[in-house]
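> Each residue of the sequence shown is one higher than the one before, starting from 1 at the first, in UniProt numbering. Here it is: the structure, laid out below.
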Amino acid sequence: MDVNQESHQTVTDSFLSFYDQLMAQLPGIGLGLLIVIFGTLIATWLGQFARKRIASRTKDPLMSQFLSKALKYTLIMIAIILALKAAGLGAIATGIFTAAGASAVVLGFAFKDIGQNFIAGIILAFSRPYDVDDTVEIGENFGKVKALEFRYTKLKTFDGKDVYIPNSDVLTKPVTNYTEDGFFRWDFIVGIAYENNINEAKHVILETLEKEPNVIADIDHQNFVIEDELATSTVNLKVYFWVDTKDFRKMALITKGSVVRNVKEALENAGFYMPADIQEVKIYGAEKDFPIRISKPEPDNKESNK
């Protein structure tokens, strides 16, 4: 009976001691909670404010996202440290952050791909080969950049698809930017007959290019025509010309179609003949006779009635 009473007294004393300590630290815990709540609110507001100010000055959405989030989470971490110290748990704070660091390493290995994309997003925030609204080709994906995030880059292809490319692929795959300097050179082949004058055809083509309003011609961007190939039935001329690529779909793709059409019409109006490919059929004597049927044109109805 005495043993049970002593055990009961020990439990009661332990509970009362814990209760007394809790009540003694309760003001500090309450203050810590207030610090965390107000610190989070202030950090969120300052992060949003910094994002708007940075975005208005740099016009760089990825950089503004990175700096605003870095500011926000740094302030939240400071608020948590201050809250733990206010609650009398300053010694515990070191252990918590040490455990958090170890957990971050473990999670980094567990979510390797996500970590790679996030780190790649941070790298792209400071240095990247394109901006929003640039026309780019990343690997096999071709389109206009519509959004930049820490984990992916969003492309809008010219056939209406939304493609989300992991930022790690941006760092490891070739990236072609068609609008960085605003110029792109197109080329196409046109074939003329062997009996046509090549120099005159080249002159007609260059005159046609000069009349195109969206074709660029200056010292650094010269348009020209070369003899490309002596084909079976044509002399193939290769036409090179420069276009503005700020609006790639309109200025580049549509302009190329206009140039091809106008060059064809100009050559035809100038009397140049553009023959189709000729197919040659050879018989090597495997058959003695080769049947040929010649169809006669039907007589006119008026002539048949006479």
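Cβ atoms here follow ideal geometry from the backbone N, Cα and C, with glycine treated the same way. The structure displayed is predicted, hence computed values, not measured ones.
Have a look at F158, Y178 and G191 and flag the residue whose alpha-carbon is nearest the alpha-carbon of A231.
G191
> Please determine, among N214, K69, I165 and I76, the residue with the shortest C-alpha to C-alpha distance to Q116.
I165
> Determine the burial state of A110: buried for a count of at least 16 other Cβ atoms within 10 Å of its Cβ, exposed for fewer.
Because A110 carries a pLDDT of 49, less than 50, the predicted location of this residue cannot be relied on, and the following value inherits that uncertainty. Answer is exposed; the Cβ neighbour count stays below 16.
> By Cβ distance below 7 Å, which residues in the same chain neighbour A50 in space, the five residues on each side in sequence not counted?
L67, S68 and L71
> In terms of alpha-carbon separation, which member of Y194, E227, I123 and G30 lies closest to L171?
I123
> Between V204 and P129, which are expected to be in contact by the criterion C-beta below 8 Å, what is the C-beta distance as a whole number of angstroms?
Actually they do not touch by this definition, with Cβ atoms about 39 Å apart.
> Three-state secondary structure (DSSP) at A110?
Note that A110 scores a pLDDT of 49, beneath 50, so its modelled location is shaky and nothing firm can be said.
> Could you confirm whether any beta carbon from chain D is found closer than 9 Å to the beta carbon of K202?
Looking at the structure shown, chain D is missing, and only one protein chain is on hand.
> R293 by DSSP, collapsed to three states: which one?
coil
> Just list the residues that DSSP pairs F183 with in beta bridges.
Note: F183 sits in a beta bridge opposite D244.
> Could you check if K161 is buried or exposed, using at least 16 other CB atoms within 10 Å of its CB as the buried criterion?
exposed
> Using C-beta distances below 6 Å, list every residue in its chain close to F224, excluding the 5 sequence neighbours before and after it, in chain order.
Y240
> Do A201 and L209 come within 9 Å of each other at the CB atom, strictly closer than that value?
no
> Once the 5 residues before and after A266 are set aside, which same chain residues still bring their CB inside 8 Å of it?
For A266, where only same-chain residues beyond five positions count, the Cβ hits under 8 Å are V204, I205, E207 and T208.
> Residues in the same chain with beta-carbon distance under 6 Å from E140, minus the five sequence neighbours each way, listed in chain order, please.
For E140, where only same-chain residues beyond five positions count, there are no Cβ hits under 6 Å.
> Going by beta-carbon coordinates alone, are A252 and F184 separated by less than 9 Å?
yes
> Starting from the N-terminal side, write out each stretch of the beta strand (DSSP E) that is 3 residues or longer and does not extend beyond the stretch 209-246.
Counting only runs of 3+ residues, the beta strand (DSSP E) found wholly inside the stretch 209-246 occupies 224-230 and 235-244, in chain order.
> How many whole angstroms separate the CB atoms of T245 and T135, which I take to be in contact at a CB cut-off of 8 Å?
6 Å
> Please determine, among D220, N262, K52 and A79, the residue with the shortest C-alpha to C-alpha distance to L42.
Note that residue 42 is Ile in the sequence shown here, rather than Leu. Looking at the Cα atoms, A79 is the closest of the given residues.
> Give a yes or no on whether the C-beta atoms belonging to G39 and L75 are separated by under 9 Å.
yes
> Got a sec? Which residues, its chain only, sit under 7 Å from Q222 by beta carbon, not counting five neighbours each side?
none
> Below 8 Å on the Cβ atoms is my guess for T255 versus V263; work out the distance and round it to an integer in Å.
Their Cβ separation, rounded to whole angstroms, is 12 Å, which puts T255 and V263 out of contact at 8 Å.
> DSSP on G191, reduced to helix/strand/coil?
strand
> Looking at the secondary structure, which residues open and close the beta strand (DSSP E) in which V163 lies?
D162 to P166
> Under the assumption that residue 317 contacts V215 (Cβ atoms under 8 Å), give the Cβ distance between them as a whole number of angstroms.
What is shown of the chain runs 1 to 306, which leaves residue 317 out entirely.
> Quick one: is M1 buried, meaning 16 or more other Cβ sit within 10 Å of its Cβ, or exposed?
With a pLDDT of only 47 at M1, under the threshold of 50, the placement of this residue in the model should not be trusted; the figure read from the coordinates follows. By the beta-carbon neighbour count (other beta carbons within 10 angstroms, threshold 16), M1 is exposed.
> Ends of the alpha helix (DSSP H) at G257?
T255 to N269
> May I have the straight-line CA-CA distance separating N196 from L237, to the nearest angstrom?
12 Å
> Thinking just about the alpha-carbon of each residue, which of A86, V235, M274 and V36 is nearest to the one in Y73?
V36
> What are the start and end residues of the beta strand (DSSP E) that includes K154?
That run of the beta strand (DSSP E) goes Y152 to K156.
> Going by DSSP, name the residue or residues bridged to E137.
F142 and T176
> With a Cβ-Cβ cutoff of 9 Å, do F272 and A193 count as a contact?
Contact annotation: F272 and A193 have beta-carbon atoms nearer than 9 Å.
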